[in-house]
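In mature numbering (1 follows the signal peptide of the UniProt record, and there is no 0), the protein residues as written are -32 to -1, 1 to 354.
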């Protein structure tokens, strides 16, 4: 069984003991060198949007678009598992009820998408149950899980927020012990999916798609990890059955309006402020922007104080806050992350979502050799207001 795992940069997921990552795809490899032929095997797909809310529109739009690609390429719905909160099509802010798009003036990508796990069933536990084929542990959804065998290919696409060693779901997280007045899609996600829309997937290899997507994505880091022997395989081996759908023709997006993911809520508020001529609406948006910026300042200052309390000196504090070290001290980091979410800021509360952007400082403290107890005590001292 070979699994490429697509997700947003900086996120890693342990699925089994043998790993391969290509073009932000994570592969489980049963054999040392995977082959193109599946020997009558099947294609399976798991698609997950781990967020909710109108501000996070792009994640579910990405997931719906991914479903349309694999469905169009012949993978039957019984071999596709979709997890998404499903609060966009009927959202009161949606100007076209029942429709979700993934590019400006784009076609509806929502129609026909399976509703396997929606709402509160979009959880880390259900995601892991789906990957393990454990239908007994899947709660609140259709119960559909992977039933793949040794000759099958499995394609997993996960899109959402994250931090070092962490994938965020609407109300919980998956953690790892190793390494329309909204925005319509994530630039990386749109790039790989629109490449799949226009290319002949029976000819395009994973390494070719990786290089194309990397060249087009200038707002995040498209990377390869692990066993790269998947590179020679055709994209069709994971995103469709033997006969690919005809490539589509897409007009280029003239002004994509790219915004870093953490800045999307603020950018949306600023755009609303600029477009309104109503005095009361102007006051409301200005107040929301001011509150948003104050929360950001509080989040940054809180982490700075935690780090300073641990290091005890300004120079080391600045070094910790400016470094971006690789995560190897997983036990220390996991304890620090859990404690920070409990005592300081829970990023599952929309107001504090930006806290994810500061967790790298906890990686740096753990990698710097500071005792876990010292880090936890610093949080208890600094975050007493929670």
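Each residue gets a CB set at the ideal place from its N, CA and C atoms; glycine is no exception.
Secondary structure at residue 78: coil, using DSSP grouped into helix, strand and coil. Here residue 301 is not near residue 111, since their CB atoms are 8 Å or more apart. Boundaries around residue 95 are those of the alpha helix (DSSP H), 92 to 100, since no beta strand (DSSP E) includes it.
By the neighbour-count criterion, in which a residue is buried when 16 or more other Cβ atoms sit within 10 angstroms of its Cβ, residue 27 is buried.
The three-state reading of DSSP puts residue 202 in strand, counting E and B together. Spanning the alpha carbons of residue 239 and residue 22 requires a straight line of approximately 15 Å.
Counting along the chain, the unbroken alpha helix (DSSP H) around residue 254 starts and ends at 247 to 279. Sequence-distant partners of residue 131 (beyond 5 residues in either direction) whose C-beta falls short of 6 Å from its own C-beta, in its chain, are 324, 327.
Between residue 96 and residue 31, the alpha-carbon positions lie close to 18 Å from each other.
DSSP places residue 69 in the coil class of the three-state scheme, outside both helix and strand. The segment 104 to 120 and the segment 79 to 93 touch, with no fewer than 3 CB-CB distances between them shorter than 8 Å. Per DSSP, the unbroken beta strand (DSSP E) holding residue 51 starts and ends at 48 to 51. Remark: C-beta atoms of residue 94 and residue 29 do not approach each other more closely than 8 Å.
For residue 344, same chain residues with a beta-carbon under 6 Å away, outside a window of 5 residues either side, are 307 in chain order. CA-to-CA, the gap between residue 24 and residue 309 works out to about 21 Å. The C-beta distance from residue 53 to residue 86 rounds to 6 Å, short enough to meet the 8 Å contact threshold.
Straight through space, the alpha carbons of residue 199 and residue 164 are spaced by roughly 16 Å. Considering only 259, 331, 260, the residue with the shortest C-alpha distance to residue 294 is 331. For residue 57, the three-state secondary structure derived from DSSP is coil.
Taking 8 Å as the cut-off, the beta carbon of residue 196 is found no closer than this to the beta carbon of residue 172.
Between the beta-carbon of residue 17 and that of residue 127 there is about 6 Å, and that keeps the pair under the 8 Å contact cut. Residue state for residue 169 is assigned as coil, using DSSP reduced to three classes. Its chain contains 347, 348, 351, 354 as the residues whose beta carbon lies nearer than 7 Å to that of residue 311, once the 5 sequence neighbours on both sides are disregarded; these appear in chain order. Distances from the alpha-carbon of residue 333 to those of 184, 276, 320, 319 put 276 closest. For residue 17, the uninterrupted beta strand (DSSP E) segment begins and ends at 11 to 17.
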